[in-house]
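Asks:
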Amino acid sequence: MQPLIEKINMLSHQDIWSALDKLADKFAMSPSAMARQAGLDPTTFNKSKRHGSDGKERWPSSESLAKVLNALGVNFEKHFL
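Just add 568 to wherever you are in the sequence shown, counting from 1, and you've got my numbering.
#1: Please classify residue 602: is it buried, with 16 or more other beta-carbons within 10 angstroms of its beta-carbon, or exposed?
#2: Just tell me which of 591, 621 and 627 has its CA closest to the CA of residue 580.
#3: At which residue ranges does the segment 590 to 618 contain complete alpha helix (DSSP H) runs of 4 or more residues, listed in the order of the chain?
#4: At what residues does the alpha helix (DSSP H) containing residue 635 begin and finish?
#5: Taking the C-alpha atoms as reference points, what is the distance between residue 587 and residue 621?
#6: Between the beta-carbon of residue 590 and the beta-carbon of residue 608, is there less than 8 Å?
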């Protein structure tokens with residue numbers, strides 16, 4: 569079995585955003601509703617926030633991820649890896 573740290577290092581920008589979209593779907597929420605549920609700004613997970621105006625990838629913060637996972641009672645390793 570691959571060590572957890574190696575799995576985390578392999579997560580791509582697309583992997584993270586896809587996992588967040590799937591999580592919202594799993595709970596029958598929009599990404600905006602999921603952000604609100606976690607006490608975040610409703611635009612936190614909008615598709616428009618995933619790339620900067622220069623096309624550079626923008627990643628959700630670890631704090632935002634932790635708040636969403638805690639609010640929904642989801643385990644990071646089980647959902648993202």
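Just so you know, even glycine gets a beta-carbon here, dropped at the ideal spot from N, CA and C.
Replies: The answer reads as follows:
#1: Classification of residue 602: buried, given that the 10 Å Cβ count is 16 or more.
#2: It is 627 whose Cα lies nearest to the Cα of residue 580.
#3: Complete alpha helix (DSSP H) runs here, min 4: 599 to 605.
#4: Under the DSSP assignment, residue 635 falls in the alpha helix (DSSP H) whose first and last residues are 630 to 640.
#5: Rounded to whole angstroms, residue 587 to residue 621 spans 23 Å at the Cα level.
#6: No; because the gap between Cβ atoms is not below 8 Å, this pair is not in contact.
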